[in-house]
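One structure is given here, and the rest of the page talks about it.
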Amino acid sequence: MEVGSLPVELWRLILAYLPLTDLGRCCQVCRAWRELVLSLDATRWRQLCLECRECRHPNWPRHPDQDPASWHEALRQHCLASRTWAQNVPELQSSACLTLFRRRKDRRVWRVGSGPGCEFETLRGALAVAGPYDRLALQPGLYEEQAEVALKVPVEIVGAGKLGDVALLVSFDQQCPTARLCNLVLMPAWFSPVVYKTSAGHIQLDNCNFEGAQLQVRGPGTCQVRFCSFTQGACAHFLGVALSWMDSCEFGSSDSTSITVEGPPVTERNWACKHLAALAKIIPVNNAAMATAEDSLSHNGMSGTPTGVSAGGTWATQDVDKDGRTRGGGGQSTVLEDGWSESETSEDEDGKGTMVKKSEPSYTLSYDAHGLSHLLGSGKYSAEEPMLRTLGEELQRDSEAQSLVAVLQGCVIRHCLLHDGKGGVHVCNYGHARLEANTFTRLHYAVRCIQNAKVVMLANEVSGCRASGVFMRLSAQGLIAENNIHSNAEAGLDIRKGANPIILCNRIHSGLRSGIVVLGNGKGSIRSNQIYGNKEAGVYILFSGNPVVSGNHIFQGQAAGIAVNENGRGLITGNMIRENQWGGADIRRGGDPILKNNFICHGFSDGVVVGERGRGLIEGNHIYGNKGCGVWVMSSSLPQLIGNYITHNRMYGLAVFCRKDPEVGAGREEGERGGGGGENLNEEGELLAWESDLDSEDERFSTRRPISVALVENNCMNHNGVGVYVKSCECVNVVGNMVGQNRGVGVAVLQSTQLTRLVDNCVHGNTHSGVTVERECRVELRGNGVYANGSHGVCYRGDGLIVENDIVGNRRSGVRVSDSADVKVLRNRVQAVLGCGISIHEQVRGLIQDNLVFQGHPCNSKPQIHLAPKNQDCLLINNTLLTHSNHRTGLPDLHWALENPPPRPHCNDPTASTHSAHPVNLALAVTTRITASVESGCHNNGSIFCSIL
């Protein structure tokens, strides 16, 4: 019979009346018939699937309103799974006359109940006569046994009618190799809360309800539980199981943990283990639950152009300060302090400037060959921003994670819904669990893994927990990958007491506290996650927590991106940290991380905040586009800043403040409370003795020598409001940085009661003065190159030294000293374009000696060295003035050059050895040298702050 002999619609109408067995036979006729039968997926196959009493909707209990991709495939998978318990049935029995002829062994069906046609009234009576693999069909009713019922032969106990029609108040003790219970309501007997236990055999439970009862499986026993409900405090307890499987089950309203997995998997395995492992591979993980979460980024505003950034990547012309006030774009002056702005109101000595036509030749000495010239073109996008890796890419790079995914061991929990209870899954004492595509919601906690246990979590949703979503404790390990963890009252993940999980490719967002908390010697590898929209820090590290945080996108948090407090540590590398309300990275109170090669950008406050007693290595980061400072440092901290690109920040590139400054530091102190956000460290009332944990500090990242002076080396601070801003009561060393093209002053020192040293820096092309030193500040300038700034090269009102600098090409005076300054200006090379080379005002004390002053424009009528007539306290000794010999022709002297030595600063070009690989011991040696040179003049009872190299 050909399919084409009748219309396809008519064939479908005929086939819609066939039972499941006949449809299967029709599929075996030919390919055309198979395609015709499979085309009934949305009609007949759906009807057969929903009418099956042994299963429920394929997407129950998580998404029963969503149709599966294929009803036929869902029914096929159910049929395969329902036969696992009988895989060891001796299907064939030898004939008495001839071994070549075999017949199947008969399996009887025993009807149990009080109605007509029933052979037995009690369950115990039926079990007494049932043979191996017989079926006991229980008619609707309540069956109760007053003593424990032992299953000594493999049987199948099935309830007739709808689920709920047959209820058992029985406690089973399985002593046979296998058994199956289906379509039953199981309630505990009066003498025991355990309704079913097995310690050697395999039990299969399909479409059952557990009400206030407990399922107990002990290895080498196994179980397969599908489409079952655990309500009214019902739970499952697994002890040392080698392999068990729970699929599409619901747990709710429990005052204890829903699923407990305890003890290491036993080495002995029963017959069902290989079948369960094969079944887990045949039936794939249904990730439909996570499909609805794939658009969570767009629903939460995570896609498209980031807030505050135009489509071209430039900072918007209007933004909001910390007080909520609207501020204009880059055309306005950046306010540094009340009553002090980067726009200088002081005039040159004659109060007028000389206009220079653009067509006239340049009279400025060449300085392009200085030691930091390689950093002149460094801008915002000098490196490619990191992209998130997929789970497949991460697994290819991590053999340990590969092995965790590949190994199927312990209790496997798939497609389950756990809600409205105390705890979801508790894994302890070397237990193993694998959680795939489950939903945890409205629990006290979702997963708790402790005492050297191991858990693998893949594609789960964890939300609405009253405490943290996932707890890892006491040397627990495992893999947590591609989960959607959100809207929890505490941290999404809480890692402490030596736990060391691998956390990959998760979405951790919208939490009421932090995204991930690592403390108490907690470790872990946190990679390629999206952590966003949390009310406190995206990643919070404290109390000797020491994780590896790599390749994550941490953005749009309401506090800090990453907070490291209370002696926290960690390796934080290659992350994209953006658009956070507080500092992108916040380090305080003994925090000592390695912050390396991150992109910290577009924050609504500062890029990196190093608060009181903060430490750490901050190396090779790109810090740009923040509305506050690029790096905000409190002078009592001891960070090491090496090779960072700090650009396009609205306020300061680097700001150093005294810890007692109440005005500027107020917002950051508020960030101290809100950036990390004091997590609830005492979970469930347990008192944690952190002091004992601190003694066993991990040594993975302990190769750095302890330092007593903070270090910041070879940084590029361009295109900020102000390059470097110092208002400190500690010693400050600023060495070897490129400070250029900032919208205000290059380096501004407003307060420096101890000595501030500016050594071997290049201060180039800033809109206003290159270096500004205010009254009562102690500052030494040595070996710097101050070039082509829009106002004075050095505007000096404090006390100190200006020694061996090249100050060339600045728009106004090269060196301007005023306001009762006490200064020595020695062996500098100075050339001003339109102002005086060196200008000394009244009331200045000091010595001007051995300087080489070049004439600027030939038409400039100002003296190369100007000393106020009434100044009697400043000496001019042995200075050399060079003027244009051919000024009548209007051409400069071409033989003038900065030679012997070449243009300053004299720093080695580090391009051959990138900053990410810079040897720390070399930086420490430089710090030791600088500290030794200033120690005789800078004693302080507090900390000796900052070396910026």
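With the first letter of the sequence shown counted as 1, position 887 gets the number 890 in our numbering; the numbers rise by one all the way through. Heads up, the beta-carbon is just placed ideally off N, CA and C, and yes, glycines get one too. It should be emphasised that the depicted structure is a prediction, and the values quoted were computed from it without experimental measurement.
Query: Taking the Cβ atom as the reference point for each residue, do glutamine 217 and histidine 240 lie within a distance shorter than 8 Å?; Result: yes
Query: Assuming glycine 739 and glycine 773 form a contact by the criterion Cβ under 8 Å, report the distance between their Cβ atoms to the nearest whole angstrom.; Result: About 16 Å; that fails the 8 Å criterion.
Query: Are the beta-carbon atoms belonging to asparagine 455 and serine 478 less than 8 Å from one another?; Result: yes
Query: In this structure, how does DSSP classify histidine 909 when only helix, strand and coil are distinguished?; Result: coil
Query: Between Leu282, Pro119 and Val473, which has its C-alpha nearest proline 143's C-alpha?; Result: Pro119
Query: I need the straight-line Cα distance from valine 727 to glycine 395, nearest angstrom please.; Result: 44 Å
Query: Under 8 Å, do glutamate 959 and leucine 496 count as touching if we go by C-beta distance?; Result: Past the boundaries of the shown model lies residue 959; the chain is included only from 4 to 952, so the question cannot be answered.
Query: Would methionine 390 be called buried (16 or more neighbouring beta carbons within 10 Å of its own) or exposed?; Result: exposed
Query: Quick check on histidine 205: does DSSP put it in helix, strand or coil?; Result: strand
Query: Going along the chain, which unbroken runs of the beta strand (DSSP E) with 3 or more residues stay wholly within the region 835 to 903?; Result: 841 to 843, 848 to 852, 855 to 857, 868 to 870, 877 to 880 and 883 to 885
Query: Using the Cα positions of cysteine 252 and asparagine 568, report the straight-line distance between them to the nearest angstrom.; Result: 41 Å
Query: For glutamate 464 and isoleucine 416, I'd like the C-alpha separation in whole angstroms.; Result: 13 Å
Query: For the region 29 to 101, list the beta strand (DSSP E) runs that are entirely contained and at least 3 residues long, ordered along the chain.; Result: 95 to 97
Query: With hydrogens ignored, establish whether the beta-carbon of histidine 605 is closer than 7 Å to any heavy atom of the ligand MG.; Result: In the structure shown, the ligand MG is absent, as is every other ligand, since no ligand is present at all.
Query: Buried or exposed: where does lysine 630 fall if 16 or more other Cβ atoms within 10 Å of its Cβ makes it buried?; Result: buried
Query: Determine the direct distance from the alpha carbon of glycine 548 to that of isoleucine 621, and round the result to whole angstroms.; Result: 18 Å
Query: Apply the 10 Å Cβ neighbour rule to tyrosine 20 and answer buried if 16 or more other Cβ atoms are within range, or exposed otherwise.; Result: exposed
Query: Only counting the same chain, and skipping five residues up and downstream in sequence, which positions put a Cβ closer than 6 Å to that of valine 430?; Result: Val264, Ala436, Cys452, Ala456 and Val458
Query: Return the residue from the list Leu753, Pro550, Ser816 and Leu411 that minimises the CA-CA distance to arginine 832.; Result: Ser816
Query: What does DSSP give as the partner residues of alanine 153 in its beta bridges?; Result: Asp176
Query: Which residue's Cα is closest to the Cα of glycine 215: Gly560, Asp209, Gly255 and Ala182?; Result: Gly255
Query: Among Phe546, Arg581, Gly747 and Arg572, which has the Cα closest to the Cα of glycine 560?; Result: Arg581
Query: Tell me whether glutamate 265 sits in a helix, a strand or coil according to DSSP, three-state version.; Result: strand
Query: Inspect the beta-carbon positions of isoleucine 841 and alanine 871 and report whether they are closer than 8 Å.; Result: no
Query: With 16 other CB atoms within 10 Å as the buried threshold, where does glutamine 80 fall?; Result: buried
Query: Let me check understanding here. Comparing Cα to Cα, which of Cys877, Cys839 and Ile810 lies closest to proline 908?; Result: Ile810
Query: Is it the case that the Cβ atoms of tyrosine 543 and serine 517 are separated by a distance below 8 Å?; Result: yes
Query: Identify whether isoleucine 286 lies in helix, strand or coil by the three-state DSSP scheme.; Result: coil
Query: If you drop the 5 nearest sequence neighbours on each side, which residues of the same chain put their C-beta closer than 6 Å to that of alanine 484?; Result: Leu394, Leu461, Leu507 and Cys508
Query: Whose C-beta lies closer than 7 Å to the C-beta of histidine 373 among residues of the same chain, with five residues either side of it excluded?; Result: Cys765, Gly788, Pro906, Arg907 and Pro908
Query: Using 8 Å as the threshold, is the region 229 to 239 in touch with the region 28 to 48, meaning 3 or more CB pairs across them?; Result: no
Query: Quick check: the Cα distance between isoleucine 557 and threonine 24, rounded to an integer number of angstroms?; Result: 55 Å
Query: Can you tell me whether arginine 111 is buried or exposed, with buried defined as 16 or more other CB within 10 angstroms of its CB?; Result: exposed
Query: Pick helix, strand or coil for glutamate 387, following the three-state DSSP scheme.; Result: coil
Query: Three-state secondary structure (DSSP) at arginine 15?; Result: helix
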